[in-house]
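Heads up: the structure comes next, in C-alpha coordinates.
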Amino acid sequence: FLHNLGVPAKWQLVDVYGLDADILAVVPRPVLAVLLLFPWSVKFTDFNATKEDGTEKDQTVSDKVYFLKQVISNACGTIALIHSVANNTDKIQLGDGHLKQFIDDTIQMNPEERGRIPLAPDENEPVFFHFVAFVEKEGSLYELDGRKSSPINHGSTSPDTLLEDAAEVCKKYIEHDPENLRFTVVALTAAVN
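Going by full-length UniProt numbering, 24 is the number at position 24 of the sequence shown; the sequence numbering is gapless.
Given below as C-alpha coordinates:
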(Lines of atoms letter the chains of each structure in order from A and count residues from 1; the text may use other names and numbers.)
(Lines give C-alpha, C1' and ligand atoms only; values in the text may rest on other atoms or scores of the structure.)
Protein backbone atom coordinates (compact mmCIF):
# COMPACT_ATOMS: atom_id res chain seq x y z
CA PHE A 1 0.00 0.00 0.00
CA LEU A 2 2.73 2.45 1.01
CA HIS A 3 4.61 1.86 -2.23
CA ASN A 4 1.45 2.35 -4.31
CA LEU A 5 1.32 5.88 -2.88
CA GLY A 6 4.76 6.69 -4.28
CA VAL A 7 6.95 5.85 -1.27
CA PRO A 8 10.08 4.09 -2.61
CA ALA A 9 10.60 0.40 -1.81
CA LYS A 10 13.58 1.26 0.40
CA TRP A 11 11.04 2.30 3.11
CA GLN A 12 8.49 0.09 4.85
CA LEU A 13 5.98 -0.02 7.70
CA VAL A 14 6.80 -2.64 10.33
CA ASP A 15 4.97 -3.86 13.41
CA VAL A 16 6.54 -2.95 16.73
CA TYR A 17 5.80 -5.97 18.93
CA GLY A 18 6.53 -4.32 22.27
CA LEU A 19 7.85 -1.15 23.86
CA ASP A 20 10.67 -2.61 25.96
CA ALA A 21 14.25 -1.79 24.94
CA ASP A 22 15.13 -5.35 23.87
CA ILE A 23 12.13 -5.52 21.54
CA LEU A 24 12.70 -2.02 20.14
CA ALA A 25 16.29 -3.04 19.36
CA VAL A 26 15.10 -5.42 16.61
CA VAL A 27 13.17 -2.74 14.72
CA PRO A 28 15.03 -1.86 11.49
CA ARG A 29 16.79 1.51 11.46
CA PRO A 30 16.57 4.30 10.65
CA VAL A 31 13.08 4.93 12.00
CA LEU A 32 11.41 7.93 10.37
CA ALA A 33 8.06 7.84 12.17
CA VAL A 34 6.08 5.88 14.74
CA LEU A 35 2.31 5.42 14.47
CA LEU A 36 0.14 4.51 17.43
CA LEU A 37 -3.34 3.05 17.01
CA PHE A 38 -5.32 3.10 20.23
CA PRO A 39 -8.91 2.30 21.22
CA TRP A 40 -11.05 5.41 21.40
CA SER A 41 -12.93 5.68 24.69
CA VAL A 42 -13.98 8.16 27.35
CA LYS A 43 -10.64 7.54 29.13
CA PHE A 44 -8.76 8.81 26.10
CA THR A 45 -11.12 11.73 25.56
CA ASP A 46 -10.29 12.88 29.10
CA PHE A 47 -6.55 12.16 28.67
CA ASN A 48 -6.41 14.12 25.41
CA ALA A 49 -8.41 17.01 26.88
CA THR A 50 -5.78 17.36 29.62
CA LYS A 51 -3.01 17.49 27.01
CA GLU A 52 -4.97 20.03 24.98
CA ASP A 53 -5.42 22.27 28.02
CA GLY A 54 -1.78 22.28 29.05
CA THR A 55 0.93 21.17 26.69
CA GLU A 56 -0.14 22.82 23.47
CA LYS A 57 -0.53 26.37 24.75
CA ASP A 58 2.97 26.88 26.15
CA GLN A 59 5.07 25.00 23.62
CA THR A 60 7.33 25.82 20.73
CA VAL A 61 6.48 24.17 17.42
CA SER A 62 8.87 24.34 14.49
CA ASP A 63 7.40 25.84 11.34
CA LYS A 64 9.07 22.93 9.52
CA VAL A 65 6.48 20.50 10.94
CA TYR A 66 3.88 19.52 8.34
CA PHE A 67 0.57 19.29 10.22
CA LEU A 68 -2.82 18.42 8.77
CA LYS A 69 -5.98 19.15 10.76
CA GLN A 70 -8.56 16.37 10.68
CA VAL A 71 -11.91 17.96 9.88
CA ILE A 72 -13.75 14.81 8.80
CA SER A 73 -14.38 11.60 10.70
CA ASN A 74 -12.59 8.29 10.06
CA ALA A 75 -9.57 9.78 8.31
CA CYS A 76 -7.05 9.43 11.15
CA GLY A 77 -5.11 6.52 9.62
CA THR A 78 -4.65 8.35 6.35
CA ILE A 79 -3.71 11.55 8.16
CA ALA A 80 -1.18 9.74 10.39
CA LEU A 81 0.41 8.24 7.29
CA ILE A 82 0.52 11.64 5.57
CA HIS A 83 2.08 13.16 8.72
CA SER A 84 4.69 10.39 8.77
CA VAL A 85 5.71 10.79 5.14
CA ALA A 86 5.29 14.57 4.74
CA ASN A 87 7.61 15.26 7.67
CA ASN A 88 10.31 13.10 6.11
CA THR A 89 10.42 14.26 2.49
CA ASP A 90 14.05 15.20 3.06
CA LYS A 91 14.74 11.45 3.42
CA ILE A 92 11.93 9.92 1.34
CA GLN A 93 12.05 10.85 -2.32
CA LEU A 94 8.40 10.34 -3.24
CA GLY A 95 7.61 9.07 -6.70
CA ASP A 96 4.86 10.64 -8.75
CA GLY A 97 1.45 9.77 -7.39
CA HIS A 98 -1.47 10.92 -5.28
CA LEU A 99 0.49 11.34 -2.04
CA LYS A 100 3.24 13.45 -3.61
CA GLN A 101 0.63 15.55 -5.40
CA PHE A 102 -1.34 16.03 -2.16
CA ILE A 103 1.74 17.11 -0.20
CA ASP A 104 2.95 19.40 -3.00
CA ASP A 105 -0.51 20.97 -3.33
CA THR A 106 -0.93 21.57 0.41
CA ILE A 107 2.59 22.43 1.62
CA GLN A 108 1.87 26.19 1.64
CA MET A 109 -1.55 25.82 3.29
CA ASN A 110 -2.31 26.07 7.00
CA PRO A 111 -3.45 22.92 8.87
CA GLU A 112 -7.17 23.76 8.58
CA GLU A 113 -6.95 24.38 4.83
CA ARG A 114 -5.11 21.08 4.38
CA GLY A 115 -7.82 19.30 6.35
CA ARG A 116 -10.54 20.51 4.00
CA ILE A 117 -9.00 18.69 1.03
CA PRO A 118 -11.22 15.62 0.57
CA LEU A 119 -9.75 12.27 1.65
CA ALA A 120 -12.97 10.30 0.97
CA PRO A 121 -13.68 8.34 4.18
CA ASP A 122 -17.16 7.24 5.14
CA GLU A 123 -18.13 9.81 7.76
CA ASN A 124 -21.10 7.75 8.96
CA GLU A 125 -19.00 4.83 10.23
CA PRO A 126 -18.57 4.70 14.02
CA VAL A 127 -15.07 5.46 15.32
CA PHE A 128 -13.59 2.88 17.69
CA PHE A 129 -9.87 3.52 17.21
CA HIS A 130 -7.64 6.48 16.54
CA PHE A 131 -4.18 6.93 14.97
CA VAL A 132 -1.52 9.45 15.93
CA ALA A 133 1.97 9.81 14.45
CA PHE A 134 5.28 10.67 16.10
CA VAL A 135 8.11 12.28 14.13
CA GLU A 136 11.42 13.97 14.84
CA LYS A 137 11.82 17.48 13.48
CA GLU A 138 14.72 19.80 14.32
CA GLY A 139 15.63 17.79 17.42
CA SER A 140 12.13 17.61 18.92
CA LEU A 141 9.64 14.76 19.22
CA TYR A 142 6.26 15.78 17.82
CA GLU A 143 2.96 14.01 18.32
CA LEU A 144 0.75 14.69 15.32
CA ASP A 145 -2.93 14.17 16.01
CA GLY A 146 -5.21 15.66 13.37
CA ARG A 147 -7.96 16.20 15.95
CA LYS A 148 -5.74 18.63 17.85
CA SER A 149 -5.32 22.30 17.04
CA SER A 150 -1.55 21.89 16.64
CA PRO A 151 1.30 19.39 17.02
CA ILE A 152 2.38 18.47 20.55
CA ASN A 153 6.09 18.94 21.27
CA HIS A 154 7.23 16.21 23.68
CA GLY A 155 10.77 17.57 24.01
CA SER A 156 14.15 16.52 22.73
CA THR A 157 14.79 13.52 20.52
CA SER A 158 17.08 12.60 17.64
CA PRO A 159 16.79 10.43 14.55
CA ASP A 160 18.67 7.74 16.52
CA THR A 161 16.36 7.84 19.57
CA LEU A 162 13.01 8.61 17.91
CA LEU A 163 11.68 5.08 18.38
CA GLU A 164 12.61 4.86 22.06
CA ASP A 165 11.34 8.37 22.84
CA ALA A 166 8.05 7.79 21.00
CA ALA A 167 7.69 4.46 22.83
CA GLU A 168 7.77 6.34 26.15
CA VAL A 169 4.84 8.51 25.02
CA CYS A 170 3.00 5.41 23.73
CA LYS A 171 3.40 3.85 27.19
CA LYS A 172 1.57 6.85 28.69
CA TYR A 173 -1.39 6.12 26.41
CA ILE A 174 -1.40 2.49 27.51
CA GLU A 175 -1.22 3.50 31.19
CA HIS A 176 -4.59 5.26 30.78
CA ASP A 177 -6.32 1.99 29.87
CA PRO A 178 -4.03 -0.83 31.03
CA GLU A 179 -6.76 -3.48 30.85
CA ASN A 180 -7.22 -2.85 27.14
CA LEU A 181 -5.05 -4.94 24.82
CA ARG A 182 -6.08 -3.24 21.58
CA PHE A 183 -3.05 -1.01 21.02
CA THR A 184 -0.88 -1.26 17.93
CA VAL A 185 2.41 0.44 17.16
CA VAL A 186 4.01 0.49 13.72
CA ALA A 187 7.12 2.25 12.51
CA LEU A 188 8.12 3.73 9.17
CA THR A 189 11.64 2.34 8.72
CA ALA A 190 14.30 1.44 6.23
CA ALA A 191 13.33 -1.72 4.34
CA VAL A 192 15.17 -4.90 5.21
CA ASN A 193 16.38 -6.94 2.26
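A virtual CB, placed ideally from N, CA and C, is assigned to each residue, including glycine.
- Nearest neighbour of ALA187 by Cα position, chosen from VAL16, GLY6, LEU2 and HIS3, turns out to be VAL16.
- A distance below 8 Å separates the beta carbons of PRO28 and THR189.
- Among the bridge pairs identified by DSSP, GLU143 is matched with PHE134 and ILE152.
- If the five residues before and after VAL169 are omitted, its C-beta is found closer than 6 Å to the C-beta atoms of HIS154, all from its own chain and listed in chain order.
- Between PRO151 and VAL14, the C-beta gap is not smaller than 8 Å, which leaves the two residues out of contact.
- The beta carbon of GLN70 sits closer than 7 Å to the beta carbons of CYS76, ILE79, GLY115, GLY146 and ARG147 from its chain, once the five residues preceding and following it are set aside; these are given in chain order.
- Distance from the Cα of VAL135 is smallest, within the candidate group THR106, GLY6, LEU163 and ALA191, for LEU163.
- With a beta-carbon spacing of about 5 Å, LYS100 and GLY6 fall inside the 8 Å limit used to define contacts.
- Counting only the Cα atoms, LEU141 lies some 8 Å from ASP165.
- If you ignore the 5 residues before and after GLN59, its C-beta comes within less than 6 Å of the C-beta of ASN153, all in its own chain and listed in chain order.
- VAL16 carries a strand assignment under DSSP once its states are collapsed to helix, strand and coil.
- Shortest Cα-Cα distance from VAL132 to any of ALA191, ASP105, VAL26 and PHE183 involves PHE183.
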